[in-house]
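In what follows, a single structure is set out as structure tokens and then discussed.
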């Protein structure tokens, strides 16, 4: 099998396509969560603790030079925003997995109908049991 045919067989499998769709949706969801945290959640929290913008919190290790460049700082406010974003994404994934597990459990609980051959053989057996001996 040629390299191209192998790659085509790999890329056209359902798992790869599902993974690609998941990555694209995940990237879009990440942008939504970033916006939610940065523009909806953190401003009211900052207002409650004194009108502070968390993303501006940093620990300056070296001040900027006269040209305004060269500042070295640890930006723990941006890191805090990222931690909150992670917590929201983790919660959303947990809820989705929990929902999927619940749906899978309900599908497993429904007993499978017996095959038509089994039903027919059961009826024949019952008829033979109830028939008078010859």
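Residue numbers (my numbering): -17 to 116.
All residues carry an ideal CB built from backbone N, CA and C; glycine is no exception.
Since the structure is predicted, the reported quantities are computational estimates derived from the model, not experimental observations.
Rounded C-beta distance between residue i and residue j? I'm assuming under 8 Å.
i, j, result
"residue 67", "residue 6", "Residue 67 to residue 6, Cβ: 19 Å. No contact."
Leaving aside the five residues before and after residue i along the sequence, list all residues of the same chain whose C-beta is less than 8 Å from its C-beta, in chain order.
i, result
"residue 19", "63, 66, 67 and 70"
"residue -11", "none"
When we look at the beta-carbon of residue i and count the other beta-carbons within 10 Å, is it buried (16 or more) or exposed?
i, result
"residue 86", "exposed"
"residue 36", "buried"
"residue -6", "exposed"
"residue 24", "buried"
Taking the CB atoms as reference points, tell me whether residue i and residue j lie closer together than 8 Å.
i, j, result
"residue 8", "residue 38", "no"
"residue 40", "residue 57", "yes"
"residue 43", "residue 55", "yes"
Near residue i, which residues of its chain fall below 7 Å by C-beta distance, leaving aside the five closest residues on each side in sequence?
i, result
"residue -2", "-8"
"residue 79", "none"
"residue 53", "42, 44, 45 and 46"
Keeping to the same chain, check which residues put their C-beta closer than 6 Å to that of residue i; ignore five residues upstream and five downstream.
i, result
"residue -15", "none"
"residue 34", "28"
So, is the C-beta of residue i closer than 8 Å to a C-beta in chain B?
i, result
"residue 25", "Looking for chain B here will not work: only one protein chain is present."
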